[in-house]
Amino acid sequence: MIFNIEVNQKTIKARKGDTILETLRRSGISVPTLCNMETFTPTGACRICVVEIEGRDDLVPSCSHPVEEWMKIHTHSPRVIHARKTIVELLLSSHPDDCLYCIRNGNCELQDLAEQLGIRERRLPMVKTFIKQDPSSASVVRDPAKCVLCGRCVRFCKERIGISTFDFIGKGMKTLVGPTFNNQLNVSNCITCGQCIMVCPTGALHEKDNISQVQHALQNPQKYTVVQISPTVSVSLAEEFNVKPGRELDGLLVATLRKIGFQKVFKTAFGADMMVLQIVDELMQRIENKTLLPMFSSDCPAFVKYMEEYHHDLLDRLCTCKSPQQITGNLIKHHFARQQKIKAEVIYSVALMPCTAKKFEAQRDENTHRGISDVDTVLTTRELARLIRLYGLDIQQVAPELPDSPFAIRSSAG
Ligand code: FES
């Protein structure tokens, strides 16, 4: 059922069953949110989205309140703005003042809210929180001091990933979001998929930054630095650098990486072709032997960890083939090293990947042979963008180049 309501003295259309926030957004009226996530059940936890409704004494959270026919709503009245400002000031009163050094500086929802609401001074006294970072995971860093208790990671991990690594711990002023018993992430059931990072509004959860290791290797004349590029990285990078659709970003990226100092630039897609051949071979054998079927195959390390954590009974159904990242890494350290007459330990191999779980995969014991890792460091697309900016390069201004042989070609079968 469609009906009219009044918002900021204008009539707009509303649909029965929608929340106030959905109605406002459909009409192009913007209200800030923090704990709200589209397609998830609203919790009304942060109350940043409050609006004033004529005839009601209290302010109501628009994300969780259904719209009704009689409503006359004010989204930016002085009372509403004052309430939102007070909430953000309270959050800032226990938030570290290290924005300049924070990995999310310039990409932080709390910073944006403070900016939007014109907060230019600390009116509430600082409540210092001494909670240490947890850098124990190979992929995800947890910094509880920066958590605003919005619960987005808790809900995403539980409702979308289905594993509930995070939950609220403690009560009142001592409430935290963390793994069970506030354990370190490396001993929790985290599968390192990094989806909590995607939904975290601040720097409370962020990917492990490995840029400095790569820089050291690039500056070390004893090292032969090699990089492999996952095909999916180019697409996200094009978005990050506003490259127009249709431009051949792969070639621009290859040229940029050479300018940064990598001696060889390879394609992970070559490893994907190897993977497909091996998967088909293994499947054929299982079908012929009528054993261990159905066979599950995935090059996603988070999926493999999920199976290890939750489906021991199905582990023998997993394809034993390595992922394209690890196949390419292994070929670089062994086949390519032999071909070039370079010692494997001299090669520093970097993988550019779209996912934090790939960092975890590269550090698994199975992917190290006689103390030499197939892949030394994995950088996510975000880190790659930072690396390119660090070297002052404009990806749009370089002339495209081809990747290096022997891992330059691909069939796209992968
Ligand atoms: S966004 Fe509505 S209560 Fe948090």
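In this note's numbering, the protein residues as written are 58 to 471. Ideal placement from N, C-alpha and C gives every residue a C-beta, glycine not left out.
Cβ-heavy atom distance, residue i to the ligand FES, below 7 Å
{"i": "Leu91", "result": "yes"}
{"i": "Gly208", "result": "no"}
{"i": "Pro135", "result": "no"}
{"i": "Arg104", "result": "yes"}
{"i": "Pro99", "result": "yes"}
{"i": "Ser121", "result": "yes"}
{"i": "Pro118", "result": "yes"}
Nearest candidate by alpha-carbon position, reference residue i, set the options
{"i": "Ile254", "options": "Cys210, Gly318, Gln270 and Val290", "result": "Cys210"}
{"i": "Ser469", "options": "Asp307, Phe327, Val435 and His368", "result": "Phe327"}
{"i": "Asn243", "options": "Thr259, Ile286, Asp191 and Leu309", "result": "Asp191"}
{"i": "Ile466", "options": "Ile248, Met331, Thr90 and Val108", "result": "Met331"}
{"i": "Pro411", "options": "Thr434, Lys142, Ser293 and Asp422", "result": "Ser293"}
{"i": "Lys324", "options": "Val361, Leu388, Pro358 and Thr96", "result": "Leu388"}
{"i": "Asp356", "options": "Gln270, Arg180 and Phe417", "result": "Phe417"}
{"i": "Gly386", "options": "Ser121, Val432, Arg82 and Lys67", "result": "Val432"}
{"i": "Val407", "options": "Lys215, Gly308 and Ala274", "result": "Ala274"}
{"i": "Asp15", "options": "Gly219, Leu233, Val337 and Ser193", "result": "This structure cannot speak to residue 15, because the chain is shown only from 58 to 471."}
{"i": "Thr425", "options": "Lys189, Lys379 and Glu125", "result": "Lys379"}
{"i": "Phe223", "options": "Met230, Lys189 and Ala261", "result": "Ala261"}
{"i": "Glu109", "options": "Asn65, Pro99 and Gly85", "result": "Asn65"}
{"i": "Ser291", "options": "Pro302, Val283, Gly303 and Leu310", "result": "Leu310"}
{"i": "Ile176", "options": "Gln383, Ala140, Glu125 and Ala202", "result": "Ala140"}
{"i": "Ala171", "options": "Met341, Pro302, Cys156 and Leu350", "result": "Cys156"}
{"i": "Ser150", "options": "Ala202, Ser119, Ser354 and Lys321", "result": "Ala202"}
{"i": "Val271", "options": "Val284, Phe225, Leu233 and Lys73", "result": "Val284"}
{"i": "Arg104", "options": "Asp75, Val117 and Arg446", "result": "Val117"}
{"i": "Thr96", "options": "Thr437, Arg113 and Leu78", "result": "Leu78"}
Residue span of the beta strand (DSSP E) that contains residue i, given as start and end
{"i": "Arg199", "result": "Val197 to Arg199"}
{"i": "Arg212", "result": "Here Arg212 belongs to no beta strand (DSSP E); instead the alpha helix (DSSP H) covers Arg209 to Arg212."}
{"i": "Asp154", "result": "Here Asp154 belongs to no beta strand (DSSP E), and DSSP marks it neither H nor E."}
{"i": "Gln342", "result": "It is not in any beta strand (DSSP E) - Gln342 instead sits in the alpha helix (DSSP H) that spans Ala326 to Asn346."}
{"i": "Leu450", "result": "Segment: none, Leu450 is in no beta strand (DSSP E) and carries neither H nor E."}
{"i": "Glu297", "result": "No beta strand (DSSP E) holds Glu297; the alpha helix (DSSP H) holding it covers Pro288 to Glu297."}
{"i": "Val311", "result": "Per DSSP, Val311 belongs to no beta strand (DSSP E); it is in the alpha helix (DSSP H), Leu306 to Ile317."}
{"i": "Thr385", "result": "It is not in any beta strand (DSSP E) - Thr385 instead sits in the alpha helix (DSSP H) that spans Pro381 to Leu388."}
{"i": "Arg177", "result": "Taken as a continuous stretch (DSSP letters only), Arg177 belongs to no beta strand (DSSP E), as it is neither H nor E."}
{"i": "Arg72", "result": "Lys67 to Arg72"}
{"i": "Met94", "result": "Per DSSP, Met94 belongs to no beta strand (DSSP E) and is neither H nor E."}
Neighbour-count burial assignment, residue i, 16 or more Cβ in a 10 Å radius
{"i": "Lys129", "result": "exposed"}
{"i": "Gly227", "result": "exposed"}
{"i": "Asn277", "result": "exposed"}
{"i": "Leu147", "result": "exposed"}
{"i": "Tyr281", "result": "buried"}
{"i": "Pro381", "result": "buried"}
{"i": "Glu440", "result": "buried"}
{"i": "Gln396", "result": "exposed"}
{"i": "Tyr363", "result": "buried"}
{"i": "Phe238", "result": "exposed"}
{"i": "Gln453", "result": "exposed"}
{"i": "Ala419", "result": "buried"}
{"i": "Gln168", "result": "buried"}
{"i": "Asn472", "result": "Within the shown structure, residues of the chain are numbered from 58 to 471, placing residue 472 beyond reach of any answer."}
{"i": "Arg199", "result": "buried"}
{"i": "His368", "result": "exposed"}
{"i": "Thr132", "result": "buried"}
{"i": "Thr313", "result": "buried"}
{"i": "Ser245", "result": "buried"}
{"i": "Pro182", "result": "exposed"}
{"i": "Ile33", "result": "Nothing in the structure corresponds to residue 33, since the chain is present only between 58 and 471."}
{"i": "Phe60", "result": "exposed"}
{"i": "Pro460", "result": "buried"}
{"i": "Asp115", "result": "exposed"}
{"i": "Gly251", "result": "buried"}
Unbroken alpha helix (DSSP H) run spanning residue i, endpoints
{"i": "Val64", "result": "Here Val64 belongs to no alpha helix (DSSP H); instead the beta strand (DSSP E) covers Ile59 to Val64."}
{"i": "Met472", "result": "Nothing about residue 472 can be read from this structure; the chain reaches only from 58 to 471."}
{"i": "Leu78", "result": "Ile77 to Arg83"}
{"i": "Ala419", "result": "Ala414 to Ala419"}
{"i": "Met183", "result": "Where Met183 is concerned, there is no enclosing alpha helix (DSSP H), given that its DSSP letter is neither H nor E."}
{"i": "Asp169", "result": "Glu166 to Gln173"}
{"i": "Ala394", "result": "Ala394 to Gln397"}
{"i": "His391", "result": "Run containing His391: none; DSSP gives neither H nor E here."}
{"i": "Leu275", "result": "Ile268 to Gln276"}
{"i": "Ile130", "result": "Counting along the chain, Ile130 falls outside any alpha helix (DSSP H), though it belongs to the beta strand (DSSP E) covering Lys129 to His131."}
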